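First residue of the sequence shown? That's 42 in the working numbering, and the numbers climb one at a time after it. From the three backbone atoms N, C-alpha and C, an ideal C-beta is built for every residue, glycine too. Every value quoted in this text rests on a predicted model; they were computed, and no experiment measured them.
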Amino acid sequence: MDASGDTMLNGNGINSGPFTSSYCGNTSGVPISHSTIFLPMPNDTNKFILLHQAPDPNTPYYSPGKVSYTVLDMTLNNNLGAVLNGQKNLIALQDTFIGGIAACRHANGRDWWIIAPKDSSSGVFKILLSSNGTITSSYQQLNFPVPYGGNAGQPCFSPDGTKFAYTCGRIIPQFQDVRVFSFNRCTGVFDSIGYVAKSGQSGFGLSFSPDSRYLYYSSFGQIFQLDTDAPDIAASDTLVATYDGYCHPYSFSCTNFWLMYKAANGKIYITSSNYVIDLHVINSPDSAGLACDLQQHALRLPCYAAYGNVNHPNYYLGCDTTLGCPCLVTTSLNENGKHDFSIKLSPNPGSSGFEILYLLPQNKNGILSVYDLQGRLMHKQLLPQWSTMQHIPTSNWAGGVYQVRIESEGYFNTSKWVKY
């Protein structure tokens with residue numbers, strides 16, 4: 042869809058095929074999680090590429106049989122964007138895949154790695170999107186047992202791009218494992234660093250903490266935390282939540298644990314495997330054990346949601362020349378944000394609160410402070426690594442002008458907000 046809320050020009054018929062057609066009009070969508078990613082085209086700020094999968098009725102377990110891609114140009118159709126003619130449903134890679142793909146910025150700061158685990162195999166396919174739109178692929182066998190075919194959780198990278206994880210599970214009999222790897226953003230090579238296997242449970246949710254240290258994974262009834270910096274990752278396995286049995290009193294929709302999403306405010310939100318109106322929230326995911334502050338059914342949504350969530354890579358990850366790759370971009374958002382933080386406040390003026398957008402230095406926390414004109418501190422909080430947005434409530438503040446300050450790594454910047 043485009044910004045007007047209508048189908049983008051030439052944007053219909055994505056993932057065309059018998060399986061997708063049979064789900065047309067189904068409110069829960071095609072039943073495969075984390076199967077789409079939008080990426081900016083390297084060296085062309087007007088174009089984006091959509092990578093996508095769909096179940097294939099001709100493969101075992103209805104697994105995806107290909108990774109496809111579609112190219113968008115946002116300058117077309119009066120800047121509402123359009124899918125380019127002849128650039129829809131092209132095939133990047135054809136094989137059998139476990140559902141779900143993940144992406145990470147190349148160490149050169151320009152290109153992209155896209156990872157698609159192979160079905161019924163311990164290996165993964167690696168797709169490289171280069172500056173001229175060229176797509177190449179390779180395959181790497183990984184040093185863990187062959188997973189159960191057809192079932193996998195949401196593959197994901199850590200925000201700093203140094204780690205990758207995915208989970209596999211089955212429901213009958215119940216079994217779940219989590220696979221953790223180090224990743225070289227320059228060469229695209231994985232090394233196995235952690236494996237956790239559990240019988241008697243099944244689940245698919247997975248997310249790294251903003252500081253890239255802790256990895257959260259869920260079964261339907263429990264959520265665990267792994268310390269991926271520990272010498273023995275499996276030994277760090279810590280239970281942080283057990284489903285409390287809550288069901289919405291009017292809809293009878295029950296909020297068990299399903300998929301996870303690390304949001305722009307640095308918190309992790311967790312969906313359920315039912316139509317629900319409440320999400321679970323991990324308020325402090327950079328903290329060990331129960332200090333992560335997981336609150337069940339804590340966020341009430343304006344409407345019902347089912348199963349899935351969005352699939353966002355870390356778009357702000359910059360260059361890393363320590364890995365042996367040259368930096369192929371002259372500036373990056375992180376380098377710019379290291380000095381001015383790109384602060385934006387809205388609404389301004391406002392009454393009950395404001396939203397602040399910002400960019401932190403790469404891999405660094407920040408501090409947000411708000412002062413009145415008399416210099417009194419009205420609000421202060423930690424800004425997690427890679428977070429880009431916070432909402433500040435101000436209902437109890439007097440009308441007037443306030444100074445908003447962000448600081449990190451010895452740099453700071455301020456902006457003014459007016460309450461009426």
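Asked                                                                                                          : Found
Contacting residues, own chain, Cβ-Cβ under 7 Å from ALA275 (five flanking each side not counted)              : GLY235, TYR236 and VAL237
Beta-carbon proximity of PRO200 to SER253, cut-off 7 Å                                                         : yes
Cβ-based neighbour list, SER449, same chain, cut-off 6 Å, excluding 5 preceding and 5 following                : LEU401, PRO402, LYS405 and GLY407
Inter-residue CB distance, VAL124 and LEU131 (contact presumed, cutoff 8 Å)                                    : Not quite, the Cβ-Cβ distance comes to about 11 Å (not below 8 Å), so this is no contact.
N- and C-terminal bounds of the beta strand (DSSP E) containing PRO343                                         : 335–347
Inter-residue Cα distance where the pair is LEU91 and LEU398                                                   : 25 Å
Simplified DSSP state of THR61, which is helix, strand or coil                                                 : helix
Member of LYS308, GLY349, HIS353 and ASN315 whose CA lies at the smallest distance from the CA of ASP334       : LYS308
Nearest-angstrom beta carbon gap, CYS288 and ASN149 [assumed within contact, 8 Å]                              : Going by Cβ atoms, the distance from ASN149 to CYS288 rounds to 49 Å, so no, they are not a contact pair.
Contact between the region 315–323 and the region 157–176 (3+ Cβ pairs under 8 Å)                              : no
Cβ-based neighbour list, LEU374, same chain, cut-off 7 Å, excluding 5 preceding and 5 following                : Unreliable placement is indicated for LEU374, whose pLDDT of 49 sits below 50; no coordinate value is reported for it.
Residue span of the alpha helix (DSSP H) that contains ASN454, given as start and end                          : ASN454 -> not in any alpha helix (DSSP H); beta strand (DSSP E) instead, spanning 452–460.
THR463 burial status per 10 Å Cβ neighbour count (16 or more: buried)                                          : The structure shown does not extend to residue 463, since the chain is modelled only from 42 to 461, so the question has no answer here.
Helix, strand or coil at MET115 [DSSP, three-state]                                                            : coil
Which of helix, strand or coil DSSP assigns to TYR103                                                          : helix
Rounded C-alpha distance that separates ALA95 from THR455                                                      : 46 Å
Length at least 3, wholly inside the region 157–190: the beta strand (DSSP E) runs in chain order              : 164–170 and 176–182
Identified DSSP bridge partners for CYS288                                                                     : CYS295
Cβ of PRO434 within 7 Å of any chain B Cβ                                                                      : No chain B is part of this structure, which consists of one protein chain only.
Beta carbon of PHE395 nearer than 7 Å to that of TRP458                                                        : yes
Sequence-distant residues of the same chain with beta carbon closer than 7 Å to GLN135, five excluded per side : GLY106 and LYS107
Sequence-distant residues of its chain with Cβ nearer than 6 Å to TYR345 (five each side left out)             : TYR316 and ILE318
Coarse secondary structure for ASN377, derived from DSSP in three states                                       : With a pLDDT of only 49 at ASN377, under the threshold of 50, the placement of this residue in the model should not be trusted, and no figure is reported.
Burial state of GLY349 (16 or more Cβ within 10 Å)                                                             : buried
Buried versus exposed call for LYS129 [16 or more other C-beta atoms within 10 Å across all chains shown]      : buried
C-alpha distance - TYR291 paired with ALA282, whole-angstrom precision                                         : 25 Å
Any alpha helix (DSSP H) of 4 or more consecutive residues that is wholly inside the region 223–308            : none
Cβ-based neighbour list, PHE205, same chain, cut-off 6 Å, excluding 5 preceding and 5 following                : PHE198, PHE222 and PHE224
Whole-angstrom distance between ASN53 and GLY127, CA atom to CA atom                                           : 13 Å
Alpha-carbon spacing of PHE185 relative to TYR461, whole angstroms                                             : 59 Å
From PRO196, PRO81, THR228 and PRO188, residue whose alpha carbon lies closest to that of THR363               : THR228
For ASN355, the nearest candidate out of ASP232, PRO81, GLY440 and PRO434 (CA to CA)                           : PRO81
Distance between TYR284 and TRP299 (C-alpha atoms, nearest Å)                                                  : 11 Å
Residues that TRP154 bridges to, as DSSP identifies them                                                       : CYS145 and LEU169
Exposure of PRO59, with buried meaning 16 or more beta-carbon neighbours within 10 Å                           : exposed
Close Cβ partners of TYR110 (< 6 Å) along its chain, the five nearest in sequence each way excluded            : ILE90, LEU92, LEU131 and ALA133
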